[in-house]
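A.B. asks: Pasting in a structure now, in structure tokens, and then I'll have a few things to ask.
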Amino acid sequence: MGVGAVNRVAVWTGDNRVEIEERTVPRPGPGEVLLKIKAAGICGTDMHMLSGAHPHAKSPLVPGHEFAGDIVEIGRGVDKRLSGMRVGSDSYIGCGKCVYCLSGKVQLCDKGTRELGIDLDGGWAEYIVVPERNVYFLPDDVEYHEAGAGCILNCPMAAVEMVGIKPGDTVLIIGDGPSSLIMLQLAGLKGAAGVIVAGHREKRLAIARQLGADLVVNT
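This is the structure in structure tokens:
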């Protein structure tokens, strides 16, 4: 990456305004990698933030906590084999040393966390620098946009594990939003014999039927 190369970013400037700016492509420091963004998502959190409803985010800021891309430059101390790799990225940045960070629960970091796209400039950009420990390899059959939406898996996966769904169980999912629809699929993978989805949006309930719900209830 040449010195002074241009990085176009989408900047939230407040009051539901987003403007395109040209900045210099950042350079990775020790333990960091530079990603060329291939896909970046827009989720409900972003919409709350753009409207000014998010309690922590302050403009001006580059949003985007859901993104994936290619590693195009590595900083000192980074495994050279990562160069050119297709990766997704965790948006939370912790200390990297506490028991929570080392066990993959960065959001519980003893020293607190900062989140890309919320507290720090995020992935609505052509390039972004992230810590090496934040990236994860993408198999060939996982598309960039699929990896970029990966953060929505966190809550449904945690819920399924906490509940302890076993083969033959009957599962009731209250709600028809994206997390509920993902939970429906996870319950099926866990071997649930019957999955009921209760919600109030007929279009979402129709999707639940397509995804394998045994019964949908319009509340």
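If you count by the working numbering, then the sequence shown holds residues 50 to 268, one letter each, in order.
Beta carbons are placed, not taken as given, at the ideal position from N, Cα and C, and that holds for glycine.
Values in this document were obtained by computation on a predicted structure and should not be read as measured data.
1. So the candidates are C92, I120, K107; which of them puts its Cα closest to the Cα of G80?
2. Do three or more CB pairs link the segment 183-196 to the segment 128-140 at distances below 8 Å?
3. Under 8 Å, with one C-beta from each stretch per pair, do the segment 165-183 and the segment 209-224 reach the 3-pair mark?
4. DSSP three-state call for P227: helix, strand or coil?
5. Please return the same chain residues whose Cβ sits closer than 7 Å to the Cβ of L260, not counting the five positions on each side in sequence.
6. Quick one: what's got a C-beta closer than 8 Å to G274's C-beta in the same chain, skipping five residues either side?
7. Going straight from the alpha carbon of C200 to that of V209, what length do you get?
8. Would you mind stating whether I177 and I86 have Cβ atoms separated by less than 8 Å?
9. Could you pull out every residue in the same chain whose Cβ sits closer than 6 Å to the Cβ of A54, ignoring the five residues on either side in sequence?
10. Measure the C-alpha to C-alpha separation of N203 and P77 and round it to an integer number of angstroms.
11. Distance, Cα to Cα, R250 vs I222?
12. According to DSSP, Y141 sits in a beta bridge with which residue or residues?
13. For the beta strand (DSSP E) containing A119, list its first residue and its last residue.
14. Do you know whose CA, among A59, G90, V58, V82, lies nearest Y193's CA?
15. For W173 versus A59, is the C-beta spacing smaller than 8 Å?
16. Smallest Cα separation from V111: which of K239, C150, G248, E68?
17. With DSSP as the reference, please indicate the residues paired to E81 in a beta bridge.
18. Specify, as a first and last residue, the run of the alpha helix (DSSP H) that V111 falls within.
19. Check each candidate in S228, K239, K146 and name the one with the smallest Cα separation from P269.
20. Let's see if you can read the secondary structure: which residues bound the alpha helix (DSSP H) around V212?
21. Taking the alpha-carbon of R66 as reference, which of R57, C158, L99 has the nearest alpha-carbon?
C.D. replies: If we stick to the structure as given:
1. I120
2. yes
3. no
4. helix
5. L230, L233, Q234
6. With the chain running from 50 to 268 in the structure shown, residue 274 is simply not present.
7. 15 Å
8. yes
9. V74
10. 28 Å
11. 14 Å
12. E164
13. At residue 119 the sequence reads Asp, which differs from the Ala that was named. Looking at the DSSP string, the run of the beta strand (DSSP E) that includes D119 is 116-123.
14. G90
15. yes
16. E68
17. P180
18. Segment: none, V111 is in no alpha helix (DSSP H) and carries neither H nor E.
19. There is simply no residue 269 to check, as the chain begins at 50 and stops at 268 in what is shown.
20. 203-212
21. L99
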